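Read the structure below first, then the notes.
There are 2 protein chains.
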Amino acid sequence: MALIVQKFGGTSVGDADRIRAVADHVARTRRAGNDVVVVVSAMGKSTDNLLRLANDVSTVMPPRELDMLLTTGERISMSLLCMALADLGVAAASFTGSQAGIITDTDHTKAKILEIRPDRLRKAIDDGFVPVVAGFQGMSTDHEITTLGRGGSDVTAVALAAGLKADVCEIYTDVTGVFTADPRVVPEAHRIPRVSFDEMSEMAATGGRVLMLRSVEFARNHGVPLHVRSSFTWEPGTWIVEEDETMEQAIVSAVTHDTSEAKVTVSGVPDRPGVAARLFRALAEEGVNVDMIVQNTSEDGSTDISFTVPQGDLATSEATVENLKEALGFAGVTSDPSIGRVSIVGAGMKTHPGVTATMFETLASNDINIEMISTSPILISCIINQDHVEPAVQLLHAAFELSK
Amino acid sequence: MALIVQKFGGTSVGDADRIRAVADHVARTRRAGNDVVVVVSAMGKSTDNLLRLANDVSTVMPPRELDMLLTTGERISMSLLCMALADLGVAAASFTGSQAGIITDTDHTKAKILEIRPDRLRKAIDDGFVPVVAGFQGMSTDHEITTLGRGGSDVTAVALAAGLKADVCEIYTDVTGVFTADPRVVPEAHRIPRVSFDEMSEMAATGGRVLMLRSVEFARNHGVPLHVRSSFTWEPGTWIVEEDETMEQAIVSAVTHDTSEAKVTVSGVPDRPGVAARLFRALAEEGVNVDMIVQNTSEDGSTDISFTVPQGDLATSEATVENLKEALGFAGVTSDPSIGRVSIVGAGMKTHPGVTATMFETLASNDINIEMISTSPILISCIINQDHVEPAVQLLHAAFELSK
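Sequence order for the protein chains is A and B.
All the letters of the first sequence, read from the start, carry residue numbers 1 to 404 under the working numbering.
All the letters of the second sequence, read from the start, carry residue numbers 1 to 404 under the working numbering.
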């Protein structure tokens, strides 16, 4: 008998029919002899509807009140799911984030989980109930209702699985798992049955849309096996697990891409200690989330520094850097919003040195110019022109024989 | 500087425009130098919509989950009102029933308030905030979310006013106050500026729709002055206060009516101790809420007992009484669902003995037969044929010169 945490996203509980389908699946899992803890998101578009109401009422949205408002969405879906489970003869009980013992910091609208106190859930499980927990929310150390920000319901599920030492955390969504590339770009892309936490982290960080980096890192840190699967087909999906050294690893597991960033280049930067530190400290203080940074080696005493930022932060970034021109003595700032990132991810790269060359050759032989390069032991990312991103993903998917 | 509790019902916060109008009124009250605590109901039809969703999902509605579901409605309106107040520069903070310290018993869907722990609200007031509290809900002694049943938001407001020792509890609704009769029946009916708790209790108990008996009794027991007024016109409404012995009292303040009950008559009941007790104990055990009871004096050793019950309880009542026929030895049971009650209420009756005669004469001279009579020091109620109720209300309103 296993303890399974099952998390259902907004489309999975989007209407009454969907909620009854989810209840049926939970009931089957329970009757197969497992203990189940369910985590739900708000129904379909309900969060958008609440935000629209808030916009109609006020131009100001105090974060505490926004959290109070938005947390009602998950409460509605969890109580409805409990009723649907009762209809199937399954004893269930709903728990708010606070009741489930999800303790967060006081940072409204993007709180971080500090601690899980699962006593009440544990007792409900021991008493034969299926606890149904509101995702995305917790209670702060000030006893206020908080929300966990984007991807928060997945984090709730992973954190509860860790706190309850569950055997697996199943993330139900509207796709059947993690794919070798975005199927909208590469029709031959196929579901990957099994990836390591390391690979999944790199994929999430470089444009994979199925899981947010935050949940993957949480699961990795607490050793919670994840199983991403579809609540529409219910078929087995992708397992995300500790790397298994006994298995032969795919050299390249997936091609990911991302077109949401822009590039800033600072040219003629004096090559002396502390210059880069002041630059990126200033950007951090403006709340700019710098992603990739590349600095060329210099020979004439000056260097170029390029970095990428979310497109929405581009104007702030340019102004911030421009302000430092005199103090740091660099020559100029240029930017390019029309870039994209294409990446290959694979645990097997560590032991196969030819991968980088193959990637560069594939791009070069198709006249795709590489503007920036960044690597980790299991990742190679290239910044290229945005127009080249889709062909590049298709070419790399073919070059590494991922359609097989 | 006064401390004012302002309660807004569902139509008062029915849409974004209404919420902004309420925020404007709260802001004015605040800027006039008062401390304000607001209690809100769920927006307009939102409770009905949640119930419809529940019906679509399940045939079973566990009371705990129903409470969890329905309490989201007030949470949405309270956080939206706080945002609208923030937009007007008024510092406000929302509080769930639990956060507001409303402690109830464990009777889900119709919990009773056991205690108010207003520390958190008191601190918010002292810190310069307008607390906005979710009506209709509390937290049980088992730490579960409960609802207070029908009229629950009024009870929340009165209970908080009592707990905070507020100067007045203002109940905002869609009518301008308490009237001398239902204006749909008596077009000349007019708003009563001031009634005593005793009169208001009798009016609420005999068909007045503005306030439920439960809230009036709570306010009377804790000496909380009530002010019932309109959130559409904002004009002064009706004050419900302790009887003021120095003022001359109206003989009759209002005519009320109610057509929701049915009459049961048990005939030929042996006139010996304990018979009535067994009859009404049996009905109580079936959950029947018996209202008026009249027993005629007997001369031949048997008597007739008539009583009224809600029309929905009529079938149960008849069956319950019928079951006791042999044990109690009465002759038979008859019932009449087509009755109505017309009542006159007035504190001045206590000192004006002619009122009863005037009432009976008014009905008799218009050929309206009285089937049952019940009196209290400030109330006379007659059960008559349902078809006679509207004319009776009009005749009595004129006879006691309430249109003046």
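The beta carbon of each residue, even a glycine, is placed where N, CA and C say it ideally should be.
All values reported here derive from a predicted model rather than from experimental measurement.
Outcome for residue i when other beta-carbon atoms lying within 10 angstroms are tallied against a minimum of 16
{"i": "A/G128", "result": "exposed"}
{"i": "B/E144", "result": "buried"}
{"i": "B/M43", "result": "buried"}
{"i": "A/S260", "result": "exposed"}
{"i": "B/R272", "result": "exposed"}
{"i": "A/P187", "result": "exposed"}
{"i": "B/A331", "result": "exposed"}
{"i": "A/R220", "result": "buried"}
{"i": "B/E74", "result": "buried"}
{"i": "A/E243", "result": "exposed"}
{"i": "A/G441", "result": "Residue 441 of chain A lies beyond the range of chain A shown here (1 to 404); nothing can be said about it."}
{"i": "B/T233", "result": "exposed"}
{"i": "A/R64", "result": "buried"}
{"i": "A/G274", "result": "exposed"}
{"i": "B/D142", "result": "exposed"}
{"i": "A/G354", "result": "exposed"}
{"i": "B/D367", "result": "exposed"}
{"i": "B/R229", "result": "buried"}
Neighbourhood of residue i by C-beta distance below 7 Å, restricted to the same chain and skipping five residues each side
{"i": "A/V155", "result": "I113, L148, R214, S215 and F218"}
{"i": "A/D313", "result": "V288 and N289"}
{"i": "A/P310", "result": "S260, E261 and N289"}
{"i": "A/E390", "result": "V185"}
{"i": "A/D119", "result": "G101"}
{"i": "B/M61", "result": "A54"}
{"i": "B/G151", "result": "M212, R214 and S215"}
Span of the alpha helix (DSSP H), counted from its first residue to its last, around residue i
{"i": "B/V414", "result": "Any property of residue 414 of chain B remains undetermined from this structure, which presents chain B solely from 1 to 404."}
{"i": "A/K7", "result": "Note, A/K7: premise wrong, no alpha helix (DSSP H); beta strand (DSSP E) at L3 to F8."}
{"i": "A/G97", "result": "No alpha helix (DSSP H) contains A/G97, which DSSP labels as neither H nor E."}
{"i": "A/T11", "result": "First-last for A/T11: undefined, no H or E at that position."}
{"i": "B/D67", "result": "P63 to D87"}
{"i": "A/V158", "result": "G152 to G163"}
{"i": "B/R30", "result": "A16 to R31"}
{"i": "A/R278", "result": "V275 to E285"}
{"i": "A/H397", "result": "V389 to A399"}
Chain-ordered chain E contacts of residue i [CB-CB under 9 Å]
{"i": "B/A181", "result": "Absence of chain E from the displayed structure is noted, the protein chains being A and B."}
Residues near residue i by beta carbon distance below 6 Å, same chain, minus five either side
{"i": "B/A159", "result": "I113 and I116"}
{"i": "A/A205", "result": "L213"}
{"i": "B/V416", "result": "The requested residue 416 of chain B is not part of the displayed model; chain B covers only 1 to 404."}
{"i": "A/P377", "result": "K350"}
Residue range of the beta strand (DSSP E) that includes residue i
{"i": "B/L114", "result": "I113 to I116"}
{"i": "A/V38", "result": "D35 to V40"}
{"i": "A/S306", "result": "S302 to P310"}
{"i": "A/M372", "result": "M372 to S376"}
{"i": "B/N385", "result": "L379 to N385"}
{"i": "B/T146", "result": "I145 to T147"}
Identified DSSP bridge partners for residue i
{"i": "A/D119", "result": "Partner(s): none; A/D119 has no beta bridge."}
{"i": "A/C169", "result": "A/V5 and A/L226"}
{"i": "B/P337", "result": "DSSP lists no partner for B/P337."}
{"i": "A/R191", "result": "A/F179"}
{"i": "B/K263", "result": "B/T308 and B/D336"}
{"i": "A/H257", "result": "A/V342"}
{"i": "B/S140", "result": "B/T104"}
{"i": "B/Q295", "result": "B/I305"}
{"i": "A/A134", "result": "A/V40"}
{"i": "B/I240", "result": "B/V195 and B/L226"}
{"i": "A/P270", "result": "A/S302"}
Own chain residues within Cβ distance below 8 Å of residue i, not counting five before or after
{"i": "B/N34", "result": "M1, A2, L3 and I4"}
- Item | Residues of the stretch 63-80 of chain A whose Cβ lies closer than 9 Å to any Cβ of chain B, in chain order | Residues R64, E65, L66, D67, M68, L69, L70, T71, T72, G73, R75, I76, M78, S79 and L80.
- Pull out every residue of the stretch 5-16 of chain A whose Cβ sits closer than 7 Å to any Cβ of chain B, in chain order. Taken in chain order, the members of the stretch 5-16 of chain A whose beta-carbon sits within less than 7 Å of a beta-carbon on chain B are A16.
- Using a Cβ-Cβ cut-off of less than 8 Å, list which residues of the stretch 39-62 of chain B approach chain A; keep chain order. Under the 8 Å Cβ criterion, the stretch 39-62 of chain B contributes L50, L53, A54, D56, V57, S58, T59, V60, M61 and P62.
- If contact means a Cβ-Cβ distance below 7 Å, which residues of the stretch 150-178 of chain A contact chain B? Result list empty, no residue passes.
- Message: Please list, in chain order, the residues of the stretch 18-30 of chain B that have any C-beta partner in chain A closer than 7 Å.
- Response: The stretch 18-30 of chain B vs chain A, Cβ under 7 Å: I19 and R20.
- Taking Cβ-Cβ distances below 8 Å as the criterion, which residues of the stretch 355-385 of chain A are in contact with chain B? So nothing in the stretch comes that close.
- Query: Quick one, which residues of the stretch 295-319 of chain B are near chain A if we go by CB-CB under 8 Å, in chain order?
  - Reply: Answer set for the stretch 295-319 of chain B: empty.
- Item | Members of the stretch 208-233 of chain B that neighbour chain A once the beta carbon cut-off is set at 7 Å | Listed by position, the residues of the stretch 208-233 of chain B near chain A (Cβ gap below 7 Å) amount to none.
- Could you name the residues of the stretch 94-114 of chain A whose beta carbon sits closer than 7 Å to any beta carbon of chain B, in the order they occur along the chain? Residues of the stretch 94-114 of chain A whose Cβ lies closer than 7 Å to any Cβ of chain B, in chain order: S94.
- Can you list, in chain order, the residues of the stretch 115-143 of chain A whose Cβ is nearer than 7 Å to any Cβ on chain B? For the stretch 115-143 of chain A, which is checked against every Cβ of chain B, not one residue is closer than 7 Å.
- Item | Proximal residues, the stretch 80-91 of chain B versus chain A, C-beta separation under 7 Å | So the list reads L80, C82, M83, A84, A86 and D87, given in the order they occur along the chain.
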